[in-house]
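*Asks:*
Numbering (our numbering), first residue to last: 225 to 417.
(1) Taking the alpha helix (DSSP H) that residue 412 belongs to, which residues open and close that run?
(2) Which word fits residue 244, buried or exposed, when buried means at least 16 other C-beta atoms lie within 10 angstroms of its C-beta?
(3) Which of the three DSSP states, helix, strand or coil, is assigned to residue 293?
(4) With which residues is residue 341 paired in a DSSP beta bridge?
(5) Taking only runs of the alpha helix (DSSP H) that begin and end inside the region 227–297, which ones reach a length of at least 4 residues, in chain order?
(6) Could you please give the first and the last residue of the uninterrupted beta strand (DSSP E) stretch that includes residue 379?
(7) Whose C-beta lies closer than 8 angstroms to the C-beta of residue 366 among residues of the same chain, with five residues either side of it excluded?
(8) Relative to the alpha-carbon of residue 317, which residue among 310, 311, 299, 323 has its alpha-carbon at the smallest distance?
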């Protein structure tokens, strides 16, 4: 059943939970962002490679962190909101790491993950670099990766003490440190093979 939404209206997570049509949506400050069509082959290949590398490292080292891939709801309270009808930011990052297991519940994650990676596609590039970048910064996500499958590049942003992301570090080879995992490094070639 098609749900008619007013794309200019502000919705909460409580509203979001009533939409039972299985369409991919996110909320940024309560405004509905309609999901793009299913990701392409390059996106999915890179996503599984990053997720598998992270998960493999955590399992091998018996770590407490958990890796999740989209679709997975991450609720981001900005000003200490607690109830579903006060939460206006719900995203589905391509990949995220949560090391504080108290943030996990049956519906996903409540609070900022320790790491988020968004994998670029033509339809999401601007959204990931502006709205999501600003939201992740405001929510206190310590590490944000933007991955470019077409150009085979990665840009890593780290949250600074002033609550703002740094200018980013670009990678087009070598090893990429994962701050959320204590400096574990993913080999660039293992992401884009």
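Cβ coordinates follow ideal geometry from the N, Cα and C atoms, glycine included.
Remember, predicted model here, so these are calculated numbers, not experimental data.
*Replies:* Straight from the coordinates:
(1) 412–416
(2) exposed
(3) strand
(4) 319, 369
(5) 237–240, 265–284
(6) 377–382
(7) 336, 338, 339, 382, 383, 403, 404
(8) 299
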